[in-house]
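Visitor: Structure provided below as structure tokens; questions to follow.
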Amino acid sequence: MLDPRRFRQDPEAIAEALKLRGFELDLATYHDLEDARHKLQTDVETLQHERNVKSKHIGVAKQRGEDIEPLVAEVGDLGARLDELSGEFHRVQEELHDFLLHIPNLPDASVPPGESEEENEELRVWGDRPVFDFEPRDHVEIAGTSLDFEASVRISGSRFSVLKGELAKLHRCLIQFMLDVHIAEHGYEELYVPFIVNRETMTATGQLPKFEDDMFFVRGEIDRFLIPTAEVPITNMVRDQILDASELPIRYVSHTPCFRRESGSHGKDTRGLIRVHQFEKVELVQITHPDASWEALEALTNHAETILRRLDLPYRAVVLCGGDLGFAAAKTIDLEVWLPGFNRYREVSSCSNFVDFQARRAQARFRPNPTARTEFVHTLNGSGLAIGRTLLAILENNQQEDGTVRLPEALVPYMGVEVLRF
RNA sequence: GGAGAGGUGGCCGAGUGGUUGAAGGCGCUCCCCUGCUAAGGGAGUAUGGGCAGAAACCCAUCGAGGGUUCGAAUCCCUCCCUCUCCGCCA
């Protein structure tokens, strides 16, 4: 959520800034709501004050043993008027709050203009794309029967996967490898978290209220959702907390499954492991001091890149343009791995700084020093990395003519072999 | 799933209808005292909002939401959560 004060001060400037991401702010509605809110709040608080004062008089009079009837009569229909006005006030306040919850974060000044991923800006390219003296296959062909979509369709439907044997093991080893690096070398603390979360949690990180249709809903006594990313439970570790400045930065890493409806992507990426309803991810989250978040974004991105480099996977880093930026992000750097089977780069990690946008929704604060007022922390996250896509990148980049796959050195100790045969 | 007990500030904890945003303690901040250490004395110390900030003033908040009342931390209802015992279970 954006700062309501900043909003009040200069809504036009906010509208202008949001244009970069292609968001048209409804200023007329905003002004109507804000004006109504202001008037109602003043009126309601005046009436409440009046009621409080009179009630106190009654209390004092009663204690003295005086007749309180005239005083009670004096209060008259104050309660009724107050009920009516405060009802209206709360309706407007809620409407305004809901309006603000649907507004995306402001793009950082360094975010390039643009409408779609076509206009993302390439930051750097790493590694040599493999050259094959045969026609490279895609991961579905390479994995053969180890990737059993016939089974996953029977079990669940389209956009799920069943991995078998060595392929399933490689999947597990990738998770282990990534966790090991981030914990031992990058200073992250590992978390095990719930995969089913409540509405408040989903609202704090920005998935709700706007993107409810993209989420898997779990029916029950209270509304719950399957997490679309570990960012959701991890960032909510600090929801409603007042941290001590000395606790920052907090670095968490967690491996979780991620569940996505992919509702708007019918017919897109239907082959293989690229876009599925359930996939695994090792996620990095940082909670930082507001002054430290941009530096932290660089560090976090580098932590994710380290995994790609250790796995000898050619990749590039791109800055997302305004139009491609996610709802809650102020700036995002995507890491895209080269996929020979598709002859293109595909996203394996998305590293974002949300500045205080999520923190404000989550009421995640810290105290700069023992006597100071609280301030919102900054939150960041990035995949380190998406497991399924990394897995297929390894298959496709390291395939050999005979259909075997040579493992990157970093994985050999985990797998116990150097070459996989499917 | 059954029975019971609870949810109050950073923490512990008092408070069953009236100047209670909340006693007391711990912790923390500042000051004083003390030749180190230990200890002592004083003052301060919730969050958000009205309102960019400061002061003053005002409003809201005692798990959440409703209700009763002139007035609710306190009474009533619904929900959520925690703990104890029993049952069940990996």
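Letter 84 of the first sequence, counting from 1, is numbered 368 in our numbering, and no numbers are missing. Positions of the beta carbon are idealized from the N, C-alpha and C atoms, including for glycine. Being a predicted model, the structure only gives us computed values, none of them experimental.
#1: Which class does His662 belong to by DSSP, given the choice of helix, strand or coil?
#2: Pick helix, strand or coil for Leu669, following the three-state DSSP scheme.
#3: Check whether the stretch 583 to 593 touches the stretch 555 to 562, taking contact to mean three or more Cβ pairs, one atom from each stretch, closer than 8 Å.
#4: Where Val661 and Ala320 are concerned, what is the direct C-alpha to C-alpha distance, given to the nearest angstrom?
#5: Using only CA atoms, which one of His539, Arg645, Ile342, Lys615 lies nearest to Pro478?
#6: Over the uninterrupted beta strand (DSSP E) stretch that includes Ser634, give me the two end residues.
#7: By a C-beta neighbour count over all protein chains shown, 10 Å radius and 16 as the cutoff for buried, is Asn336 buried or exposed?
#8: Have a look at Val569 and Gly343 and give me their C-alpha separation to the nearest angstrom.
#9: Cα separation between Pro624 and Glu680?
#10: Using 8 Å as the cut-off, can you tell me whether the stretch 483 to 496 makes contact with the stretch 517 to 530, which would need three or more C-beta pairs spanning the two stretches below that distance?
#11: Who are the Cβ neighbours of Glu685 in its own chain at under 7 Å, not counting the five residues just before and after it?
#12: Compute the Euclidean distance between the alpha carbons of Cys542 and Arg630, then round it to the nearest angstrom.
#13: What would DSSP say about Ile352, mapped onto helix, strand or coil?
#14: Looking only at its own chain, which residues have a Cβ that is under 6 Å from the Cβ of Val632, when we skip the five neighbours before and after it?
#15: Can the beta-carbon of Pro388 be found closer than 8 Å to that of Leu302?
#16: Where does Ala601 fall in DSSP's three states?
#17: Taking only the alpha-carbon atoms, compute the straight-line gap between Ser370 and Glu496 and give it to the nearest angstrom.
#18: Pull up the CB-CB distance for Cys635 and Asn404, whole angstroms please, since I reckon it's below 8 Å.
#19: Which one or two residues does DSSP pair with Cys542 in a beta bridge?
#20: Of the residues Gly687, Thr513, Gly700, which one's Cα is nearest the Cα of Ser430?
#21: By the 10 Å Cβ neighbour count, where 16 or more other Cβ atoms means buried, how is Leu324 classified, buried or exposed?
#22: Please return the same chain residues whose Cβ sits closer than 6 Å to the Cβ of Arg443, not counting the five positions on each side in sequence.
#23: Report yes or no: do three or more beta-carbon pairs, one from the stretch 352 to 368 and one from the stretch 567 to 587, lie closer than 8 Å?
#24: Could you say which of Phe461, Gln525, Ala427, Gln460 lies nearest to Glu450 if we only look at CA atoms?
Guide: Well, looking at it:
#1: On the first sequence, position 378 is the one that residue 662 refers to. Here His662 sits in strand by DSSP.
#2: Here residue 669 refers to the residue found at position 385 when the first sequence is read from its first residue. Strand, per DSSP.
#3: Taking a cut-off of 8 Å on C-beta distances, the stretch 583 to 593 does not touch the stretch 555 to 562, as fewer than three cross pairs fall below it.
#4: Along the first sequence, read from residue 1 onward, the residue named residue 661 stands at position 377. Along the first sequence, read from residue 1 onward, the residue named residue 320 stands at position 36. If I take the Cα positions, the gap works out to 31 Å.
#5: Looking up residue 478 in the first sequence gives position 194. With distances taken between Cα atoms, Pro478 lies closest to His539.
#6: Within the first sequence, residue 634 is the residue found at index 350, counting from 1. Looking at the DSSP string, the run of the beta strand (DSSP E) that includes Ser634 is 628 to 637.
#7: Reading the first sequence from its first residue, position 52 is the one you call residue 336. Residue burial is scored here from C-beta neighbours: Asn336 has fewer than 16 other C-beta atoms within 10 angstroms and is therefore classed as exposed.
#8: To locate residue 569, count along the first sequence from 1; it is residue 285. To locate residue 343, count along the first sequence from 1; it is residue 59. Taken atom to atom, the span from the alpha-carbon of Val569 to that of Gly343 is near 53 Å.
#9: Position 340 of the first sequence holds residue 624. Position 396 of the first sequence holds residue 680. In a straight line, the C-alpha of Pro624 is about 6 Å away from that of Glu680.
#10: Yes, they touch.
#11: To locate residue 685, count along the first sequence from 1; it is residue 401. Short of 7 Å from the beta carbon of Glu685, and not among the five residues preceding or following it, lie these beta carbons of its own chain, in chain order: Phe418.
#12: Walking along the first sequence from the start, residue 542 turns up at place 258. Walking along the first sequence from the start, residue 630 turns up at place 346. Linking Cys542 to Arg630 through their CA atoms gives a straight-line distance of about 18 Å.
#13: The residue labelled residue 352 in the question sits at position 68 within the first sequence. In the structure shown, Ile352 sits in coil (DSSP, three-state: anything other than H, G, I, E or B).
#14: Translated into the one-based positions of the first sequence, residue 632 becomes position 348. Excluding positions up to five away in sequence, the list reads Leu619, Val621, Leu669, Ala670, Arg673, Thr674.
#15: Looking up residue 388 in the first sequence gives position 104. Looking up residue 302 in the first sequence gives position 18. Yes. Within cutoff.
#16: As a working note, residue 601 is residue 317 in the first sequence. Three-state result, Ala601: strand.
#17: Position 86 of the first sequence holds residue 370. Position 212 of the first sequence holds residue 496. Taken atom to atom, the span from the alpha-carbon of Ser370 to that of Glu496 is near 30 Å.
#18: Here the question's residue 635 lines up with position 351 in the first sequence. Here the question's residue 404 lines up with position 120 in the first sequence. In fact, because the Cβ distance is near 13 Å, the residues do not count as touching under 8 Å.
#19: Here the question's residue 542 lines up with position 258 in the first sequence. According to DSSP, Cys542 bridges with Phe563.
#20: One-based indexing of the first sequence puts residue 430 at position 146. Here the closest residue by C-alpha is Gly687.
#21: Taking the first residue of the first sequence as 1, we reach residue 324 at position 40. By the neighbour-count rule (16 or more Cβ atoms within 10 Å), Leu324 is buried.
#22: Taking the first sequence and counting its residues from 1, the one referred to as residue 443 is at position 159. Counting only Cβ-Cβ distances below 6 Å, and skipping sequence neighbours, we find Val560, His561.
#23: Three or more beta-carbon pairs separated by less than 8 Å are not found between the stretch 352 to 368 and the stretch 567 to 587, which leaves the two stretches without contact.
#24: Counting from 1 along the first sequence, the entry for residue 450 is found at position 166. Closest by C-alpha distance to Glu450, out of Phe461, Gln525, Ala427, Gln460, is Ala427.
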